[in-house]
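Chains as they are written, first to last, in my numbering: chain R, 53 to 249; chain A, 53 to 249.
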């Protein structure tokens with residue numbers, strides 16, 4: 053049995069973590085990006101299906117490819133962020149189930165069932181995107197996730213002729229609390245969002 | 053700037069965390085369920101929309117209401133778990149945006165746009181479900197998430213005549229590594245799932 057993590061860890065992951073719009077100039081190394089995935093990959097997905105694909109947009113060339121597809125309010129901050137992760141969803145994920153879930157014929161659950169493919173791919177890639185946010189924070193990095201962009205444009209620029217579709221974006225770096233950090237917005241109280249029955 | 057969390061914390065959250073099928077008899081208190089939400093609520097959602105609703109199924113009566121809607125392979129373990137959280141999605145989430153995102157008229161972005169409502173609700177409630185898993189682990193608890201159940205049946209039993217729909221389930225307790233813990237399934241390598249561009 054595990055104990056509670058120390059208060060400072062709970063603060064870093066949840067209570068004091070913020071969505072940053074501006075980042076310090078401190079760079080994020082390729083090794084750190086790899087470490088994020090090497091943690092996030094362990095998060096659970098249904099039938100271990102792991103439909104998330106991640107493109108870390110880091111070079112000036114790739115940022116320029118992303119730029120026209122960002123919403124006006126997200127463009128400048130995204131171009132300035134050290135890295136922007138495109139969290140994407142592989143809708144052909146079930147092709148890999150013989151490798152990922154070897155103890156059952158899980159691929160057969162999906163073939164010919166587009167509604168189940170759709171909901172499973174989107175739910176589980178999104179779960180994995182949240183694991184990426186939590187992994188980045190656990191590694192001392194800050195995130196700025198967003199869904200304000202032209203998905204079709206990003207798909208054409210980064211995933212042409214493929215079963216992979218963009219889901220949401222995460223700017224990653226070391227947050228700069230002195231710039232563009234808004235007052236924290238309210239959260240629903242336990243009684244508004246939850247019930248114990 | 054934050055540091056990496058210590059290795060033991062990274063193990064607890066990611067590297068050694070497992071999806072448990074069997075739990076120790078140790079109970080989970082209502083206060084612990086509240087603590088899970090009080091951490092998870094801080095996770096980011098788009099326009100702070102917080103569409104997740106959580107029903108913690110704990111009593112024998114409520115477990116009996118859930119039972120007929122579980123898939124055969126998930127029934128016995130779920131009935132035996134100390135708590136089963138129904139992670140649900142409130143498709144009328146935008147009604148609360150004047151409270152949750154007071155600095156813009158975010159509600160108007162959604163009214164009359166059912167496709168945007170649908171994708172925003174499902175994506176963000178799912179992100180929040182992942183935050184619940186990570187919060188439970190941060191508090192020393194173990195999870196057994198699953199999507200193998202009859203959503204319509206669970207909705208009729210727990211969310212009648214409402215805009216709230218079940219998304220996925222999470223058994224919560226202290227995992228019993230001596231029972232029904234399968235060998236860990238493989239994860240995609242960085243090169244299979246990720247690119248740095």
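Built from N, CA and C at the ideal position, the CB exists for glycine as well.
Using the C-alpha atoms, what's the distance from residue j back to residue i?
{"i": "residue 208 of chain A", "j": "residue 193 of chain R", "result": "42 Å"}
{"i": "residue 226 of chain R", "j": "residue 113 of chain A", "result": "48 Å"}
{"i": "residue 180 of chain A", "j": "residue 178 of chain R", "result": "10 Å"}
{"i": "residue 77 of chain A", "j": "residue 237 of chain A", "result": "26 Å"}
{"i": "residue 132 of chain A", "j": "residue 75 of chain A", "result": "8 Å"}
{"i": "residue 107 of chain R", "j": "residue 137 of chain A", "result": "32 Å"}
{"i": "residue 246 of chain R", "j": "residue 214 of chain A", "result": "15 Å"}
{"i": "residue 195 of chain R", "j": "residue 200 of chain A", "result": "32 Å"}
{"i": "residue 186 of chain R", "j": "residue 216 of chain A", "result": "26 Å"}
{"i": "residue 163 of chain R", "j": "residue 146 of chain R", "result": "8 Å"}
{"i": "residue 235 of chain R", "j": "residue 129 of chain R", "result": "18 Å"}
{"i": "residue 72 of chain R", "j": "residue 157 of chain A", "result": "21 Å"}
{"i": "residue 211 of chain A", "j": "residue 87 of chain R", "result": "40 Å"}
{"i": "residue 92 of chain A", "j": "residue 184 of chain A", "result": "5 Å"}
{"i": "residue 229 of chain R", "j": "residue 59 of chain R", "result": "21 Å"}
{"i": "residue 153 of chain R", "j": "residue 100 of chain R", "result": "6 Å"}
{"i": "residue 189 of chain R", "j": "residue 175 of chain A", "result": "20 Å"}
{"i": "residue 70 of chain A", "j": "residue 232 of chain A", "result": "12 Å"}
{"i": "residue 202 of chain A", "j": "residue 218 of chain A", "result": "9 Å"}
{"i": "residue 240 of chain A", "j": "residue 90 of chain R", "result": "10 Å"}
{"i": "residue 111 of chain R", "j": "residue 155 of chain R", "result": "41 Å"}
{"i": "residue 150 of chain A", "j": "residue 53 of chain R", "result": "42 Å"}
{"i": "residue 85 of chain R", "j": "residue 119 of chain A", "result": "42 Å"}
{"i": "residue 109 of chain R", "j": "residue 61 of chain A", "result": "28 Å"}
{"i": "residue 244 of chain R", "j": "residue 148 of chain A", "result": "11 Å"}
{"i": "residue 140 of chain A", "j": "residue 140 of chain R", "result": "23 Å"}
{"i": "residue 55 of chain R", "j": "residue 123 of chain R", "result": "43 Å"}
Where does residue i land, buried or exposed, given buried means 16+ other C-beta within 10 angstroms?
{"i": "residue 95 of chain R", "result": "buried"}
{"i": "residue 125 of chain R", "result": "exposed"}
{"i": "residue 121 of chain R", "result": "buried"}
{"i": "residue 165 of chain R", "result": "exposed"}
{"i": "residue 82 of chain R", "result": "exposed"}
{"i": "residue 206 of chain A", "result": "buried"}
{"i": "residue 98 of chain A", "result": "buried"}
{"i": "residue 142 of chain R", "result": "buried"}
{"i": "residue 160 of chain A", "result": "exposed"}
{"i": "residue 204 of chain A", "result": "exposed"}
{"i": "residue 68 of chain R", "result": "exposed"}
{"i": "residue 64 of chain A", "result": "buried"}
{"i": "residue 104 of chain A", "result": "buried"}
{"i": "residue 197 of chain R", "result": "buried"}
{"i": "residue 3 of chain R", "result": "Residue numbering for chain R in the displayed model covers 53 to 249; residue 3 of chain R lies beyond these limits and cannot be assessed."}
{"i": "residue 134 of chain R", "result": "buried"}
{"i": "residue 116 of chain A", "result": "exposed"}
{"i": "residue 144 of chain A", "result": "exposed"}
{"i": "residue 167 of chain A", "result": "exposed"}
Helix, strand or coil for residue i, going by three-state DSSP, please let me know.
{"i": "residue 71 of chain A", "result": "strand"}
{"i": "residue 217 of chain R", "result": "strand"}
{"i": "residue 63 of chain R", "result": "helix"}
{"i": "residue 12 of chain A", "result": "The requested residue 12 of chain A is not part of the displayed model; chain A covers only 53 to 249."}
{"i": "residue 96 of chain R", "result": "coil"}
{"i": "residue 202 of chain A", "result": "coil"}
{"i": "residue 120 of chain A", "result": "helix"}
{"i": "residue 189 of chain R", "result": "helix"}
{"i": "residue 154 of chain A", "result": "coil"}
{"i": "residue 245 of chain R", "result": "helix"}
{"i": "residue 133 of chain A", "result": "coil"}
{"i": "residue 251 of chain R", "result": "Within the shown structure, residues of chain R are numbered from 53 to 249, placing residue 251 of chain R beyond reach of any answer."}
{"i": "residue 164 of chain A", "result": "coil"}
{"i": "residue 141 of chain R", "result": "strand"}
{"i": "residue 175 of chain R", "result": "helix"}
{"i": "residue 232 of chain R", "result": "coil"}
{"i": "residue 107 of chain A", "result": "strand"}
{"i": "residue 55 of chain A", "result": "coil"}
Anything in chain C within Cβ reach of residue i, meaning under 9 Å, just list it in chain order.
{"i": "residue 226 of chain A", "result": "You won't find chain C in this structure, because its protein chains are R and A."}
Taking only heavy atoms of the ligand GTP into account, decide whether any of them is closer than 7 Å to the Cβ of residue i.
{"i": "residue 92 of chain A", "result": "Of the ligands one can find in the structure shown there are none, so the ligand GTP has no counterpart to examine."}
### Task
Taking a Cβ distance cut-off of 8 Å, strictly less, list which residues of the segment 82-112 of chain R are near chain A, in chain order.
82, 85, 86, 89, 90, 91, 92, 93, 94, 95, 96, 98, 100, 102, 104, 105, 106, 107, 108, 109, 110, 111
### Query
Along the segment 183-197 of chain R, what residues have a CB closer than 9 Å to any CB found in chain A?
183, 185, 186, 187, 189, 190, 191, 192, 193, 194, 195, 196, 197
### Task
Taking a Cβ distance cut-off of 8 Å, strictly less, list which residues of the segment 215-248 of chain R are near chain A, in chain order.
219, 220, 226, 234, 237, 238, 239, 240, 242, 245, 246, 247, 248
### Query
What residues in the segment 112-127 of chain A have a beta carbon less than 7 Å from any beta carbon of chain R?
114
### Query
Going along the segment 55-71 of chain R in order, which residues come within less than 7 Å of chain A, judged by CB to CB distance?
55, 56, 57, 61, 62, 64, 65, 66, 67, 69, 71
### Query
Using a Cβ cut-off of 9 Å, which residues of the segment 149-176 of chain A contact any Cβ in chain R, in chain order?
151, 152, 153, 154, 155, 171, 172, 174, 175, 176
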